Amino acid sequence: MAADASRAGHRQCGRDHRRVPLAGQPARRMAEGSRHEGQRAGAVDMRDRFAAIPFLAEGRGYEGCDCWGLVWLWYRDVLRIALPRYDGVAVDDPRGIDRVIRIAEADWTPVDTPRDHDVVVMRAVGGSRADSHLGIVVETRKVMHTTERLGVQVQRLSSPLIRSRAPRFFRHHALV
């Protein structure tokens, strides 16, 4: 009976909160390659929800976000991990973004083998040597990121476009 009331509450607000993994255990299980279909389906549902977000410079919400906003929102809503907002860093300032990334590295552990929810740090398109673009590892071998021209997109980590941007991977200390 209580479960029915809970489900009804979810339908009333229009959001299915049961699909959002809780911080810690579900994230770890998915990251360790669990084959449980419910967890995998939940991650795909969230990825699809994020794929609908348009690009918005300095955006930090579902109405629009930039690459850090996408990471910030994913960590907040999927992993329940609070990250700094870094408001005021312009998306067209690669040196400023590179500086913020280097400051933030204290909360992240560099890893060679990416897992779901790791952050991908890469160069911007156009030959920039500065690390000024971010994404999130999803489905183990893909990266979700956003660009002004295309919005949120999911690409294989092995794609030439991603590999040419010299990606590096970082795991938040709460997920280590």
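Position 132 (the sequence shown) corresponds to 131 in numbering that gives the first Met the number 0; numbering is contiguous.
Yeah, the Cβ is synthetic: ideal placement off N, Cα and C, and Gly gets one too.
Predicted, not measured: the structure shown is a model, and the values here were computed from it.
field: Same chain, Cβ closer than 8 angstroms to R164, neighbours up to 5 away in sequence not counted
entry: Against the sequence shown, residue 164 aligns to sequence position 165. Sequence-distant partners of R164 (beyond 5 residues in either direction) whose C-beta falls short of 8 angstroms from its own C-beta, in its chain, are M121, R122, A123, V124 and H132.
For I161 and W67, the rounded distance between their alpha carbons: Taking the first residue of the sequence shown as 1, we reach residue 67 at position 68. Taking the first residue of the sequence shown as 1, we reach residue 161 at position 162. One C-alpha to the other measures close to 17 angstroms.
task: With a threshold of 16 other CB atoms inside 10 Å of the CB of Y74, please say whether the residue is buried or exposed.
output: Residue mapping note: residue 74 aligns to position 75 of the sequence shown, counting from 1. Y74 sits buried, since 16 or more C-beta atoms from the chains shown fall within 10 Å of its C-beta.
task: Express the C-alpha separation of W71 and V175 in angstroms, rounding to a whole number.
output: Mapped onto the sequence shown, residue 175 falls at position 176. Mapped onto the sequence shown, residue 71 falls at position 72. A direct Cα-Cα distance of roughly 18 angstroms separates V175 from W71.
field: Inter-residue CB distance, V136 and D115 (contact presumed, cutoff 8 angstroms)
entry: Reading the sequence shown from its first residue, position 137 is the one you call residue 136. Reading the sequence shown from its first residue, position 116 is the one you call residue 115. Rounded to whole angstroms, the Cβ separation of V136 and D115 is 6 angstroms, and the two are in contact under 8 angstroms.
message: Between E57, P166 and P53, which has its C-alpha nearest D86's C-alpha?
response: Against the sequence shown, residue 86 aligns to sequence position 87. Nearest Cα to D86 within the set E57, P166 and P53: E57.
task: Work out the CA separation of A50 and R148 for me, nearest whole Å.
output: Here residue 148 is taken as the residue at index 149 of the sequence shown, counted from 1. Here residue 50 is taken as the residue at index 51 of the sequence shown, counted from 1. Straight across, the Cα-Cα distance linking R148 with A50 is about 14 angstroms.
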